[in-house]
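Numbering (the numbering used here), first residue to last: 110 to 537.
Cβ coordinates follow ideal geometry from the N, Cα and C atoms, glycine included.
Contents: one structure, followed by commentary.
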């Protein structure tokens, strides 16, 4: 993989797409946190009429058409962003303003495209390549432009980080406190448009919006702060570009595994970003689907262990007794008993399990939590005493010692529960 960065044929496309996706990911964080993901779609589609007009101008002057294409795309996207803001100031709903701007600009582009097809069909072919991207057209001389763009966007995020933080999370406070937020807003729009216009070379007009949102979405489930989200989004943008290029190159070469298949790089980059998003939401330590299942299973196993401790506190029981009376499946019961013995809460004598001194303390704590919650429900929630047992059976596994102290203070240290049973003391 690292040899590809030195290969004169693949170096520019890979490095260029990595820089483009990195810059797009940084600006995608801003619109993702503002819950304005459709803005990326609006701005990317609004670049299309600018490209068509730029191609028409290039056809007149017969010069380097890519300069005119990118200039037209930048001005068109910037005008679309300003037009969108103007509609929102006129009390047009955000979704309606975005839909109207997107469809109107793209329709204008299609009208001019029909005219360009008659005048310069070869230029129309070049413009159409920007719809889905064409990474292979990136050359070494283009890398400087992409590097400057990435550095400028990184510098903007670093220098205006505090203002961006307020602007993204509390724009009302920014207006009330007198902080100049107009400059940040305008610069963020310019950087967003710049990253979109340059990025059409890699992913295209239609797919680029995914590269703005996907890395930010993947970074959100891992990050606890805005700074970490920017860093992770940039990393996921780079990873998406690298994975997309590697996948395409792997399939296009004679590797002995599959026949050579030539796939477009832009869609491959977007699909790689989608894979990262799915993997993030599945394996994230805090919000991942797998970790949620593990935490749920761990909580259920801990509840089973505590129920076993309470049951043995009432009466010494054997394995078969617990299996029948507590209705615990065989495997969780076996694991729980093994763990409780390993932790020194249970011991086995003559085929029966009994609690150790530490096990008895744990059982009394659970009973205390249970009965305190019953008192709370009857005293403050005014629930009948016959209906509080089920809720207390669940809450005794959730209440912490700190919560129990607060309940004890709130209830003025009760000695009996609603069923006239004694409540163990806090030092039991």
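Asked, Found
"Is the segment 162-169 in contact with the segment 383-398, if contact means three or more CB pairs nearer than 8 Å?", "no"
"CB-CB under 7 Å to residue 154, same chain, minus the five flanking residues each way: which ones, in chain order?", "211, 214, 215, 314"
"Looking at the secondary structure, which residues open and close the alpha helix (DSSP H) in which residue 456 lies?", "Residue 456 -> not in any alpha helix (DSSP H); beta strand (DSSP E) instead, spanning 455-458."
"With a Cβ-Cβ cutoff of 8 Å, do residue 353 and residue 374 count as a contact?", "yes"
"Given this structure, state the Cα-to-Cα distance separating residue 240 from residue 158, to the nearest angstrom.", "11 Å"
"Between 217, 294, 303, which has its C-alpha nearest residue 259's C-alpha?", "303"
"On a CA-only basis, which of 412, 507, 480, 232 is nearest residue 526? Give me that one, please.", "480"
"Please state whether DSSP places residue 461 in a helix, a strand or coil.", "strand"
"Is the Cβ-Cβ distance between residue 484 and residue 438 less than 8 Å?", "no"
"Inspect the beta-carbon positions of residue 355 and residue 134 and report whether they are closer than 8 Å.", "no"
"Determine the extent of the alpha helix (DSSP H) in which residue 143 is found, giving its start and end residues.", "Premise fails: residue 143 is in no alpha helix (DSSP H) and is neither H nor E."
"So for residue 426, helix, strand or coil by DSSP?", "strand"
"Just list the alpha helix (DSSP H) runs in the segment 176-209, keeping only unbroken ones of 4 residues or longer that don't cross its boundaries, in chain order.", "none"
"Which whole-angstrom value is the C-beta distance of residue 319 and residue 379, which I expect to be below 8 Å?", "5 Å"
"First and last residue of the alpha helix (DSSP H) that includes residue 488?", "466-488"
"Does the distance from the C-beta atom of residue 399 to that of residue 408 stay below 8 Å?", "no"
"On the CB-based measure, 16 or more other CB atoms within 10 Å of its CB, does residue 418 come out buried or exposed?", "buried"
"On the premise that residue 296 lies in contact with residue 119, defined as a C-beta separation below 8 Å, what is that separation, rounded to the nearest angstrom?", "At roughly 34 Å, the Cβ-Cβ gap does not stay under 8 Å, so residue 119 and residue 296 are not in contact."
"If residue 299 sits next to residue 272, beta carbons under 8 Å apart, how far is it from one beta carbon to the other, in whole angstroms?", "Not quite, the Cβ-Cβ distance comes to about 15 Å (not below 8 Å), so this is no contact."
"To the nearest angstrom, how far is it from the Cα of residue 529 to the Cα of residue 420?", "20 Å"
"Do you know how far the Cα of residue 192 is from the Cα of residue 206?", "9 Å"
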